[in-house]
Amino acid sequence: MSIATVVLRAPLVLVPGINLDEQLRAKSGSSAALPPDVAQIAHDLNQLDGGAAVSVSPGNGKYKPSLLVHTRTYRLRLEATNRGTGYFVKHIDPLRLADHARLARSCLLVRPPAWHMVFELKAVPQGSDAQWQDLEDAWDGLGETEPRQPEATTVEEAQSDFLATLDRLIDSTEEITTRDEREAAPFLYQRVTATGGRRGNTPQSVYEFQLIGPELPPTGNFVRIQGDTETRGKVSRTAGSYVTVRFDQPVSWDRLPARGALELIPSTVVFNKQRQAVASLRARDTKNPGLLAALVEHRVRPILATTARPHEKLDPEQLDAFRKALTTEDLLVVLGPPGTGKTRTITEIAHTTALATDSCSGRVLVTSHTNRAVDNVLARLPRDLVVIRVGDESKVHADVKPLLLEEQSENLSEGIRHTLAQRMQAYREAEAAAPWTTELAARLHQADELAQQDKAAAIRLQDAIYAAGAAALERLAALQHEESERGSAQASLAERASHLQAMVRSEQQRSDAWLTGRLHRSRARRAEEELTAVRHEVQRLDALGPELQRQAAAARAEADLAVRDDPTVSSARDARLAAGERLGEGMHSAYEAADMAVRALGTVMPDVPAPTRLRDPADAAAALRTLHRQLEASLPLLFQRHELSKEWQAAIGRDTSQLVPELIRYAQVVGATCIGAASRSELSGVDFDLGIVDEAGQIGVPDALVPLSRVRRGVLVGDDRQLPPFLDTTVAEWAEGTGDPALLRLTTQSALEQLRAGLPASHVVQLTRQRRMPAEIADFISATFYRGELLTEKEHRHIDPLFSSPMAFVDTAMLPEHMRRESGGRRTERGGRKGSFNPCEARLLARLAAFYHRRGSEWVVIVPYLAQRLEVVRHLAPLIGDSQLADASVGSVDSYQGGEREVVLYGFTRSNREGRIGFLKELRRANVAFTRAKSQLVLTGDLSTLLRADDPGFRALAEDLHKHLRVRGDLVDYREVMAALDEAVPDLGHDADAASEGDRP
């Protein structure tokens, strides 16, 4: 925590902003923390004896540089006047949890001689000074930013070229990919409706527009009202000619033209975040100052050895990756072919790092290009970790939705509301302590009076007793005095006798002395004589004792008889007993009041002890007075806590978002996509110790830099032999046309590929043991894509009824050309290219899918073209009677990377005389599709086309596949499989096919 006190030389003058009065009236209705009027602000600031807590807010697109000044209950945003003579009070808000959290990290305690409020700028006293520079210098001195590492601040030439190339790529990609949106014609609307039919001056966020014409803006795109640059919103739904738009900020009804136009706004968030990451690299302002050197020159620090053990058992390569990830100080690459346990390894790394890292200094960021990859990891993390998922709820998997920041914020808010409701009830009950404390004081006062009465009655009883037996008592007193004198005399004589005995013995011992013997004998004789006299006196006194006791007993009996029969004594005794009973009842009543006060207070303040019953009234009264003082001291604290709970309850009811910083503060693992990690304001300023980038083989360098620039250490996990980063076709053509090798590398290689090629071997770990696929599939994948290094550790028993091997190929080459050939030109793929589709293969894939669906298998259909996907879904939906399932279970290669199914059905689609295969030449797509299978892989296609493919690389793949199928697979003719399907499921045979025969060429 950083705090500095700033004593200013001159008062600070405040001027209310233009809308401050309106703000105060609008916000006071929902918060009792705000002042009743503007004039109260200066008074509240001057009451802060230790100074006002102030933080300096840098300027942004919304605010100028300003001071955030905090009173005990609200916060002010002050902006300096143009001449620097004072401050405009621009905003006023109740204090929130986020304010307390920010002030706990750092603040200035500003102490001017006084705070003044004037109500117009010209009333600012001449010579006034805002002293902005003094405050800004003091703020900079707090060390809000981490000290720079002692590295060279200049960017080397190679690094400068790298950053310049990144800038060029980002700018050009934005220009090319947003061109259509920027040049799109506006969407005219003829009517606008407030959701729920509500109208009025109250702003709201969601409106529905009825468009003119058939064209609709795509769902998810951003739009704005034409001519109004501040009305940005997102298309959330389209239905017929109606479009629903959710605006970023509530918009009043009067601001929306009754007839107007919506225009598309290109989303530049991705590109802006990429530019921010590049700017951080250029300024050496990344969390890891060595990141740029690691990316460009591949300079990294050695990885220290560790014997840390994971929570679950890992194989040797996984363990190596786990331990290196814990201690790497820069970047580590983990290469994980399909089924090698990448997610398991990531989970162990995140789990151990999160538990070993102080949440105040860092957390684990789990990120990827896709929401699915992030969710896969978060779903497997143990429940003993505090995990937060940041992202769009509609794109987050159902298993992970409870981890969403908004979900947890709402749950926490609900929990706090429930707790506060109970606490408020407890405080209301505890308020009974106040009247009982007052009652205790009154009853103690009454008990004091009763104690005085009891004391007076005791004195009167004593006096009556003395008066009734005075003569006997006087004689008794005399006898008691005589007895006392006798006792004293006895004691004195006993002491004298002891002395004389000792003297006799001494003189007798010396009586034989030659010169003095006679003298000693004489002394001994006289001492014996005196001893005899003393003994006689002792005997006399002993004999006197019984007589004195008899006389005293007689006098006592005489006195008792006189007292017992005396009516005055009897009356005084009754009065004394009554006074004692009243005192006892009074003390009991005081104890009851004390018990009620302590019981009421104990529901919220259990530290006040219950009173202990004491027998002595004086001791009891003293203990109860001590308790009363404790109660009186506790009551103000009780009322303060009650008021604070009311403020909390009101604050939570107004805005649950203020709980978000608290959730983030205690999070150990945060999950977000690469761009989401930087675009969510909740994560701004959050420290991350380790960033784990999953599926990094699909992430380009510009995207990977966004999370890497925010973490101290990075681990990139993925497979560079599977899908590369998606690249817009036009961007790829532009990059190729530049002829710039550096630019080409950035557009064609993922961050994982570039680092794998450049980092030392110590910083690259290869996972090699797969446990997903049967060996028949895995061995082909290993030989074709992984240089034979992929080992299989899975026992598989093949039981498929259609195929004799886990890897099968259904060949359509023997069909007539007009039946098997592909079609094209009617549908357009992403990027503007015409898509291919093959009705023959689509029917086959649909029949196979329906067969495995009937068997209860977990299946998926994967095809390379979106056009073919639609064709398969069209045939499959009536076969299984579930159009939603058909749509969800048929996908492109891209949509299934990272997933797995028991049965995978893959169709090559292409069938033509020329051997044209299009983008099937990207062999990594085949790798992705084939490796999704856990039990059975069924490939369909025209082998004659595939074996004479116009791309040499793919042709070699097809030849190897053909050889492998002949030895270890099952190569089956189309007609044979269709016959087997007809026999296995007759009701899905010719009738279903006949329904779609009209599509056959």
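If you use my numbering, the sequence shown corresponds to residues 3 to 1003, in order. Cβ coordinates follow ideal geometry from the N, Cα and C atoms, glycine included.
Residues that DSSP places opposite Val237 in a beta bridge: Val247
Presumed contact (8 Å Cβ cut-off) between Ala323 and Val905, rounded CB distance: Between Val905 and Ala323 the Cβ distance is about 31 Å, and since that is not below 8 Å, they are no contact.
Asp802 vs Leu945 beta-carbon contact at 7 Å: no
Look at the Cβ atom of Val56, then the Cβ atom of Val71, and state whether they are nearer than 7 Å. yes
Going by Cα to Cα distance, which pick from Arg234, Ala810, Arg498 and Arg552 is closest to Lys965? Ala810
On the DSSP bridge assignment, give the partners of Ser513 in chain order. DSSP output for Ser513 lists no bridge partner at all.
Out of Cys676, Asn914 and Arg79, which one is the CA nearest neighbour of Phe839? Asn914
Count the other CB atoms, across all protein chains shown, that sit within 10 Å of the CB of Tyr668; report buried if there are 16 or more and exposed otherwise. exposed
If we count Cβ pairs, one from each stretch, closer than 8 Å, do we get three or more for the region 175 to 183 versus the region 264 to 275? yes
Is it buried or exposed for Thr770, if we count other Cβ within 10 angstroms and need 16 for buried? buried
By how many angstroms is the C-alpha of Val376 removed from the C-alpha of Thr349? 11 Å
The region 671 to 691 in contact with the region 363 to 373 per 3-pair CB rule at 8 Å: yes
Alpha helix (DSSP H) segment containing Ser162, residue limits: Glu159 to Thr179
Measuring CA to CA, which of Gln251, Gly242, Arg365 and Leu22 is closest to Ala679? Arg365
Ala55 - containing alpha helix (DSSP H), residue span: No alpha helix (DSSP H) holds Ala55; the beta strand (DSSP E) holding it covers Ala54 to Ser59.
Quick check: the Cα distance between Ala635 and Leu629, rounded to an integer number of angstroms? 10 Å
Do you know how far the Cα of Leu316 is from the Cα of Arg957? 38 Å
Who are the Cβ neighbours of Leu959 in its own chain at under 8 Å, not counting the five residues just before and after it? Thr786, Leu925 and Ala928
Per DSSP, Trp117 forms a beta bridge with which residues? Leu14
Taking all protein chains shown into account, do 16 or more other C-beta atoms lie within 10 angstroms of the C-beta of Thr197, making it buried, or fewer, making it exposed? exposed
With DSSP as the reference, label Tyr429 as helix, strand or coil. helix
Have a look at Thr204 and Gln212 and give me their C-alpha separation to the nearest angstrom. 22 Å
Backbone CA spacing between Ser807 and Glu395 [nearest angstrom]: 42 Å
Other residues of its chain near Val862: CB distance less than 8 Å, five sequence neighbours each side excluded: Ser891, Val892, Gly893, Tyr898, Gly901, Arg903, Val905, Val906, Leu907 and Arg934
Can you check DSSP and say which residues form a bridge with Phe839? Ser825
Can you give the Cα-Cα distance for Leu685 and Pro709, rounded to whole angstroms? 11 Å
By how many angstroms is the C-alpha of Ala296 removed from the C-alpha of Val302? 6 Å
Is DSSP giving Phe211 helix, strand or coil here? strand
Assuming Ile5 is part of the beta strand (DSSP E), what are its boundary residues? Ser4 to Val9
Alpha-carbon spacing of Leu983 relative to Arg822, whole angstroms: 18 Å
Using beta-carbon positions only, say whether Gly693 and Val713 come within less than 7 Å of one another. yes
Do Ala479 and Val571 count as a contact pair if the criterion is CB distance below 7 Å? no
Would His118 be called buried (16 or more neighbouring beta carbons within 10 Å of its own) or exposed? buried
Pro287, DSSP secondary structure in three states: What sits at residue 287 in the sequence shown is Asp, not Pro. Of the three classes helix, strand and coil, the one that applies to Asp287 here is coil, per DSSP.
Sort out for me which residues DSSP pairs Glu81 with in a bridge. Phe90
According to the neighbour-count rule (16 or more other Cβ atoms, all chains shown, within 10 Å of its Cβ), is His45 buried or exposed? exposed
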